[in-house]
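Asks: Provided herewith is a single structure, encoded as structure tokens, for subsequent inquiry.
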Amino acid sequence: DAGVIQSPRHEVTEMGQEVTLRCKPISGHNSLFWYRQTMMRGLELLIYFNNNVPIDDSGMPEDRFSAKMPNASFSTLKIQPSEPRDSAVYFCASSSTGVGSNQPQHFGDGTRLSIL
Amino acid sequence: GESVGLHLPTLSVQEGDNSIINCAYSNSASDYFIWYKQESGKGPQFIIDIRSNMDKRQGQRVTVLLNKTVKHLSLQIAATQPGDSAVYFCADSISGGYNKLIFGAGTRLAVHP
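Those protein sequences? They're chains U and H, same order as listed.
For what it's worth, our numbering labels the leading residue of the first sequence as -12, then goes sequentially.
For what it's worth, our numbering labels the leading residue of the second sequence as 97, then goes sequentially.
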């Protein structure tokens, strides 16, 4: 079975440019999470969606960051304009959420973003 | 707890020994706990989970122990292999909270031949 698919795997761009990261969750999963990982701050939750609706975006660092989930099989995280301090590995994860007990989140292999 | 990546604690073990990785959580309302393994260049990979109505759960070569009294979680790896070298994260959540996980800081496991 295909896992969470993220693209691109690597992105190098100059500061000020718009960056768009993409994620395809596991089919049938109805929750999607965006994380950022750096050496200094570890793994940070940025935003998460349930049934395509944003539930909590309190982890989004600034207004330069935005995320959308137009349908159950696709989400984007956009940074505009990008800055060198945005350099990090960005992960997308998905899980199946229903009434009652929680289920594991499954992660993609991330997008390594470098802003010059 | 809040995840902080700088200065990850490291556990060094000899190949074939058993490894024990410990984790503390802070929310007494948490009722779901999970361990992830992260290898270099990859995303966190689900290993094993446990719910609060249990205090022990076993998988293939791994065992998770939960002590709710002291809010402590541990991951035991039997007969540690070089392929087990990675960073291990624990996380906890509350049922009904959209599966939002609170990650620990992580522990680096180094397996030596």
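Ideal placement from N, C-alpha and C gives every residue a C-beta, glycine not left out.
Fair warning: this is a prediction, and the values are worked out from it, not measured in the lab.
What three-state label does DSSP hand U/Arg51 in the structure shown?
Replies: DSSP places U/Arg51 in coil when its eight states are reduced to three.
Asks: Check whether the segment 82 to 97 of chain U and the segment 52 to 64 of chain U touch, using three or more Cβ-Cβ pairs below 8 Å as the test.
Replies: These segments do not touch.
Asks: Pull up the CB-CB distance for U/Gly46 and U/Glu31, whole angstroms please, since I reckon it's below 8 Å.
Replies: About 6 Å separates the two Cβ atoms, so the contact holds.
Asks: Pair every Cβ in the segment 66 to 75 of chain U with every Cβ in the segment 36 to 43 of chain U, then say whether three or more of these pairs are closer than 8 Å.
Replies: Taking 8 Å as the limit for Cβ pairs, the verdict is that the segment 36 to 43 of chain U does not touch the segment 66 to 75 of chain U.
Asks: In whole angstroms, what separates the C-alpha of H/Asn114 from that of U/Gly3?
Replies: Taking the straight line from one Cα to the other gives about 49 Å.
Asks: Roughly how far, in whole angstroms, is the beta-carbon of H/Ile146 from the beta-carbon of H/Leu171, given that I think they are within contact range, below 8 Å?
Replies: With a Cβ gap of about 10 Å, H/Ile146 and H/Leu171 do not count as contacting.
Asks: If H/Leu205 and H/Leu107 are in contact, beta carbons under 8 Å, what's the gap, nearest whole angstrom?
Replies: The Cβ separation is near 5 Å, so the contact holds.
Asks: Give the residues of chain U in contact with H/Tyr184, contact being defined as C-beta atoms less than 7 Å apart.
Replies: Within chain U, no residue comes near H/Tyr184; the closest Cβ sits about 12 Å away, beyond 7 Å.
Asks: Find the residues of chain U that neighbour H/Ile130, judging by a C-beta separation of less than 9 Å, and give them in chain order.
Replies: Under the 9 Å cutoff, chain U gives Asn89, Pro91, Gln92.
Asks: With DSSP as the reference, identify every bridge partner of U/Arg23, one or two as the case may be.
Replies: Answer is U/Glu31, U/Tyr77.
Asks: Can you tell me the Cα-Cα spacing of U/Lys74 and H/Val183, whole angstroms?
Replies: The sequence as given places Ser at residue 74 of chain U; Lys does not occur at that position. Roughly 21 Å between the two C-alpha positions.
Asks: Using CA atoms only, rank isn't needed, just tell me which of U/Phe36, U/Phe20, U/Ile34, U/Asn38 is closest to H/Gly139.
Replies: Of the listed residues, the one whose Cα sits closest to H/Gly139 is U/Phe20.
Asks: What's the C-alpha gap between H/Pro178 and U/Asp50?
Replies: For H/Pro178 and U/Asp50, the distance between alpha carbons rounds to 43 Å.
Asks: Just curious, the beta strand (DSSP E) that H/Val207 is in, first and last residue?
Replies: 203 to 208 is the extent of the beta strand (DSSP E) around H/Val207.
Asks: Indicate whether H/Val160 and H/Ile173 have their beta-carbon atoms separated by less than 7 Å.
Replies: No. Outside cutoff.
Asks: Would you please state the rounded distance, in angstroms, between the beta carbons of H/Ala201 and H/Ile130? I believe it to be under 8 Å.
Replies: Their Cβ separation, rounded to whole angstroms, is 15 Å, which puts H/Ala201 and H/Ile130 out of contact at 8 Å.
Asks: Anything in chain U within Cβ reach of H/Pro140, meaning under 7 Å, just list it in chain order.
Replies: In chain order: Phe94.
Asks: Under 7 Å between C-beta atoms, does U/Asn39 make it to chain H?
Replies: Cβ-Cβ to chain H under 7 Å: no for U/Asn39.
Asks: Quick one: Cα of H/Gly137 to Cα of H/Asn149, how far?
Replies: H/Gly137 and H/Asn149: Cα-Cα distance of roughly 35 Å.
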